[in-house]
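Protein chains in written order, with this note's numbering: chain A, 17 to 368; chain B, 17 to 368; chain C, 2 to 627; chain D, 2 to 627.
A virtual CB, placed ideally from N, CA and C, is assigned to each residue, including glycine.
Quantities reported herein were computed from a predicted structural model and do not represent experimental measurements.
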Ligand SMILES: Cc1ncc(C[n+]2csc(CCOP(=O)(O)OP(=O)(O)O)c2C)c(N)n1
Ligand SMILES: Cc1ncc(C[n+]2csc(CCOP(=O)(O)OP(=O)(O)O)c2C)c(N)n1
Ligand code: SF4
Ligand code: SF4
Ligand SMILES: [Mg+2]
Ligand SMILES: [Mg+2]
């Protein structure tokens, strides 16, 4: 027996999912459950964006499934009128994997938090990414444990004073983008909760991507980590902090593109556009893993420079397609004969 | 209360561990337990190297602890006459963390396999790396589950036929070096089981490093994955496959340095030394994360080009030092008064 | 600090033995804080008390909705009481949702204080009130007091320059002030508390104090309230008292255990409701050589604690039921390693995620049996918030003496509930000797160290920590040869080791169970464990007050059980076991002692009510249950 | 295929009813393969048989050492037998370690066949033989046959051009040939097997066949063996038979369940001894629409299976005890979700890593209670290797009909042991209707879908799979409102849901337990579960043969228990429960039925011996145990 060669996926993330021509609206995707987040929570903005985004995919609502873990963010599925499961802490990727592998006709989304995905669930996340299961993983990163009332998380800054770190956290945080890239992720993107347009663009690309897509969403928790991303939203230098990258385009940002990203050894640095040669400005290539990694390290996680958009988007055979191909190949080439299986090769008859 | 600033570690990995001037030999580090691996198993070579290496550290044997998970490789601690724990599958880093945090006078080593560390134990591994706990993690990578008799592992090649993949594995493997780098590791090295010299050098640097050190050891399992690293050991082109890097030196390899590593966009490629400019040959810098990452991606994991040596070695405050600093600071600045604690602020007396 | 009544001359003062007050409002209304403060005042005044916080699993559900209602009930009395009370005498309802969710519990004639400002059309509709209940007859049976608390608060703060929103948010302090006046509570504590809480925002501190005083003054000056009430201090046993919650008491117990054993404490934990506060509390007390590690998950929490134990620290891990499930494989390892380890399970409603903020006792059998193989573990349970302190010390005594993981089963009602606690004298806490191994011990005189050679008496193995010269050894989860501790697949050795591990746990010395049987000749024995102590005791008091006989006993030790338990059970015609599960202890008792113990269960996420148990006991006494 | 005896004219042929042979050698000597082949030959010949492989946890411990000894015991007979035999009649010892480790089990007068080539000074010293036992009197009491198997094999293969090492390695086939001759076993099967096994190395295939034939010829031509033995085929019930191990039967049961339910099968699993072979077997059968997923750990194994179930597949996960511990939180979620899920625990020696390759029954209470909260799960257990097939089908019937996770408890001895299995007629397997929901079901006619509206009869909830229009719904681990299934923190609802979940499991229809009480008036009932079926039955036969009366009964369903069980237990004066644990079933029986059932336990990692149970039963019958 030899492995089937599946080649690279030439189909999109939604191929195989039944479509509809019915007009669907955000309201159709809104369930009857009361939304139970705190006033001002960034989750509201994401929910609104997703409700508006889903109908644009043109797939049937009943073929959409949201699976979540535990956390404030993980309540998300309740608020969408699709199929959904609010599972247990950190395990959503495992459940979604079983579902995606057996049901190619579903669009499967995972909603998770920084604690859910990166603390207790870190292993399932990296394995889902390396396997490239056709899942879209929305990681709501508020850099705090919201639901358990404010302990630091694996993305919290060092020195952070929280309920469990009255003297300041001493954990060096994960960089979720670097981690995903190191874990063989084929799609990695990032957006801000409040940036409806940017978020929708990344979600759209994730949906179109066949394979695992990790979308990190910076999300504000006004109760336990208020304004943690405010430097990216308001203040004088907000626009010099956010670097939105686009495949094939030179990386420029700030008012009128006043700043640019240029190469610095094997890494990158930020420069004033008018102080560098046009040719030295890095052109984003979402297929270049080393570039994506360097982008993720452009600055410390202090948000001095924060890349948004799509870091990486490459095609690689998905685990679920490959599994189904093996199963289907066997089903097509062998007629299952249960009696023959049970008999095996060596039987004998007892005549009684 | 504010966070204590610990600064960067200026001490080595073994500082604080009691030393001895007694002459210690490999035999002193050999326990009375019969070694129970298969004939020809690569674990023997590593064990011999470690037994010879440990006495050179000059620390007391009784202050050395090996903690392992489950797997053939995880039997390692039984064979060393130090303190040791053969724990449960995948959890050794957690146990070692508790030990290292509470006992700065111990040199704590973790022995683990590709299944133990990267499959069930993946989360603990990446968290230990990001926290930078002062642990030395020896990952015996034989690209197979040995102890359970030959299923593929998270480092097995795609298409591999094993007991659980009669039609060939379809899991895209982890690259342990990339994963560790993405997880904020401060020390990452690699060696071949049979290369006593190279292995000892990496172990020495790991021991000297203050913080988590991940050492991937390519290890042969003659029973279930025979000769998996043979292309790196024998055959015509073995020496064109192994690229041993050394900090501060240009990366050249092959007979008489016939080959070199040069930059290729944000990544690297291999070139004939005499076909490139001397100046274009990359000089290894173990502090350059982007370079280390690029080195880990020099070729696919098909061993076409396999970097050994130390990918990365940088100083960062360790979790255990920082934790102890907080505790010690409090112990030094406050006298613990249990009665005062129990009383709290508001008591009242009942006179009876 | 001794406090005396500060009440001034006022309307008629009615003396009461006991009062139950419930504050109810929106999650954002600060009801837990209000309740806490009233409790502190009450404690400082010298009443006995018991509290029951009750809040949703969400941090803050949408304002004004039923799922968003948060409440705090306080029972206080001039004698020693046992429960937070079945039903409120006074209900404070800050909005229509709070009224709707709680009014059914208020008995006819009860006092209802309503914040009228929130009774808008919109808010009423939100919770399904077709008409304003303040305007129809639906509340006729209660003593209703309508108070425009928000308006009055904003009025009082008009001069402060505070934003309307900030001012309005102080209305809970207005309510507190009003109630403090009604019940003659002291107020210095609250004012001091507010100053400290808002140390960085002195304007807010002053505003809250103003609101508090305004509430007090409102009571004093309006004539709406014809009476105030006085509940005299309770004649508790002499001593120094403070108010304490179960989680705080557990944390203190752990700190104290570090002192009594002389060991550094290492807590490896992953946050989970309702156990997180133990982590929070312990993380403050580093000066006691307490290290806390917020792990990446529960498995790492217990793994790191076990590693610390291996290194000679007192390893502790805290969690709730789902976390225990995750830790179960590692608990098995700890059983095999025979190392001290304290595992705290603050039980909550299950199965699965269940009811995270509610209470339950349904993890007993998980604690007993939730591991592969024969892996016996001692189990202890505290019976009241303050008792959590003693239970922690007792669990540590067993863990260290017998070199074993120990499970301590608290629950949500103990964790968050509070009571006056007679503060122990720290100098009298019994020391526990960790008795580390320092010498080779091989009985064959070989000078080797045998890590599994047992103490004749306790069957405990030596605890030899890394760094001890000459005792280098390796341990693990595979079966070990009796004595030597090396790997052994020998059949007879395995059988012996399985039985030795069981015998060690069965042989743990635990105190006899004490029976409370005032008449000495009751026919019915009611036996419980954990947080049902209060309600069972209260129920028993009531039926005794009615002239009936009932005996009660409460188990601190679930495994091993007290040596005299079989004899005690055998003494009674009927044995009844009330539990907040489907009958877990009763199963153990029936199996072990073959007594026809009867089970009474209620799994609502709330503690038993004294009345409910009174009725139950009466029905047993009257022979309804033969 | 019917086979007949192929034995040729030979020395005296002794007829025997039954024989027990044990092959023992180094881990590298191929004893498991030798045993397997002898078993296949024996099965093909038509004897009843039962096997017990026994090997170390290491893949290959150092050659020639005691921990490296691997053995395979086979019991075969001309009547239906129940166990792999207490003691061998014939012991084949390939080296001194094998002799030393096994000789104590050989009764006086037993046949001992020794490979003398390995009895070198060095090898003898390695295992602590001061003198060569073949040369002193220590083996006097046995019929010893000294055969230089390696030498003879290498001689026979001299011409093949094979390396000495390769030639020597074929000595196990020599031993097999010799034994096959002694017991008149057919040999075509083995020769065909070797040709297939070494398809890619025809030289090795021929060499092994040559060695096999040489062993056969050695028996025929030397005069060392005075007798050969014949064991006639057993008169089993008419039908087509094959030999099968428990793990294979479980895998087939799962494949068959996919067919009977019409569901795709999804196995999410993480390798672990002794369960891995189920994963291996199922991964071959993709043509039956079986998908296997080797997950990153046990939690992912069950999580993925549960996800597949949510999507309408038959989710299955396989593991051993430590894996169940890790899965326990997710099992709780499955209980809350009320989705079909099959969880297979192939029990091994515990606690912790324990004795991974040995057998035990100590996970029953973990299966029952190893989760937070009240989370009842049906538990079924097979009683013999072949019965694993039926048990899997029964577990799936319950899972699908009642929408519940089901735990199936096999064990190491069933998993690797084998027996003749009457192959079922695939067309007669009972279909199970997954009965997917297709329509909204709200009783209020609103056209909504209520995911927790229960079937009146089974209390099962609807299984509505994604893709079904109009039934979109969300489920999770928080408590759900009865019927509607939305999140509910309502106290009364929680109590109701806890009881409904329990009632659903308690109400599962399971067949009555059957009692085997030939005389109809025995005083002693012996009741067991799982793999003790064979030894209990064998023990009972022996005491009946001695003229005593004993009744036996065996539980397939541990939860819920059969409806008639209480009545059955009540019928007997004495109830005895032998278990390979410290008394887990007996605890459940005593608690539930309040019968003074007595426990007999043995936790050696090996199955009970028939003799041991015979003695036990006799001691009970004689009143030693009152
Ligand atoms: C097994 C388990 N452990 C712990 C918890 C408690 N818990 C619930 S959510 C959570 C973390 C939430 O943080 P995050 O994932 O960042 O989500 P957020 O609330 O911030 O959206 C924790 C620790 C749990 N429910 N289950
Ligand atoms: C909880 C648990 N799951 C599964 C196993 C079975 N198991 C033991 S070792 C192992 C994998 C071994 O592979 P690896 O870590 O690569 O070690 P190797 O044997 O190859 O050195 C597995 C799956 C176990 N012992 N415990
Ligand atoms: S606690 Fe934070 S993350 Fe959770 S709902 Fe409230 S604001 Fe949002
Ligand atoms: S199975 Fe492989 S890894 Fe394990 S001991 Fe044998 S050769 Fe070594
Ligand atoms: Mg968060
Ligand atoms: Mg391996």
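**Report entry** Alpha carbon of residue 311 of chain D to alpha carbon of residue 172 of chain B, nearest angstrom
**Finding:** 30 Å
Requested in this report: Verify the contact flag: residue 130 of chain B, CB atom, against every heavy atom of ligand 2, threshold strictly below 7 Å.
Outcome: yes
Report task. Determine the DSSP secondary structure at residue 543 of chain C, reduced to helix, strand or coil. Result -> helix
**Report entry** Burial state of residue 303 of chain B (16 or more Cβ within 10 Å)
**Finding:** exposed
Query raised in the report: What does residue 256 of chain C touch in chain B if you count any residue whose Cβ is under 8 Å from its own?
Result: 354 and 357
Requested in this report: Could you confirm whether any beta carbon from chain A is found closer than 8 Å to the beta carbon of residue 18 of chain B?
Outcome: Confidence in residue 18 of chain B is poor, its pLDDT being 40 and thus under 50, which makes the residue's placement too unreliable to answer from.
Report task. Taking residue 323 of chain C and residue 273 of chain C to be in contact with their CB atoms under 8 Å, please state how far apart those CB atoms are, rounded to whole angstroms. Result -> 7 Å
Query raised in the report: Do residue 204 of chain A and residue 332 of chain A have their C-beta atoms closer together than 8 Å?
Result: no
Requested in this report: Determine, using beta carbons only, whether residue 390 of chain A comes closer than 8 Å to chain B.
Outcome: Since the first residue of chain A shown is 17 and the last is 368, residue 390 of chain A is not available in this structure.
Query raised in the report: Exposed or buried, what is residue 234 of chain C when buried is set at 16 or more other beta-carbons lying within 10 Å of its beta-carbon?
Result: buried
Query raised in the report: Quick one: is residue 97 of chain C near chain D, going by C-beta distance under 8 Å?
Result: no
Requested in this report: Return the residues of the region 269-301 of chain A that lie within a Cβ-Cβ distance of less than 7 Å from chain D, sorted by chain order.
Outcome: none
Query raised in the report: Out of curiosity, what's the CA-to-CA distance linking residue 332 of chain C and residue 529 of chain C?
Result: 26 Å
Requested in this report: Determine the direct distance from the alpha carbon of residue 334 of chain D to that of residue 84 of chain B, and round the result to whole angstroms.
Outcome: 31 Å
Query raised in the report: Shortest alpha-carbon distance to residue 148 of chain A belongs to which of A:183, A:226, A:138 and A:87?
Result: A:226
Report task. With DSSP collapsed to three states, give me the class of residue 161 of chain B. Result -> strand
Requested in this report: Examine the Cβ distances between the region 232-248 of chain C and the region 13-26 of chain C and report whether three or more of them are shorter than 8 Å.
Outcome: yes
Query raised in the report: Does DSSP put residue 1 of chain C in a helix, a strand or coil?
Result: Any question about residue 1 of chain C goes unanswered here, given that chain C covers just 2 to 627.
Query raised in the report: Would residue 198 of chain C be called buried (16 or more neighbouring beta carbons within 10 Å of its own) or exposed?
Result: exposed
Query raised in the report: In three-state DSSP terms, what is residue 373 of chain D?
Result: coil
Query raised in the report: chain D beta carbons: is any one of them nearer than 8 Å to that of residue 87 of chain B?
Result: no
Query raised in the report: Where does residue 289 of chain D fall in DSSP's three states?
Result: helix
Query raised in the report: Given a threshold of 16 other Cβ atoms within 10 Å of its Cβ, counted over all protein chains shown, does residue 621 of chain D qualify as buried or as exposed?
Result: buried
Query - Collapsed DSSP secondary structure at residue 68 of chain A in the structure displayed - result: helix
Report task. Would you mind working out which of C:608, C:515, C:406 and C:377 sits nearest residue 417 of chain C, comparing C-alpha positions? Result -> C:608
Requested in this report: From the DSSP output, read off the bridge partner residues of residue 267 of chain C.
Outcome: C:292 and C:316
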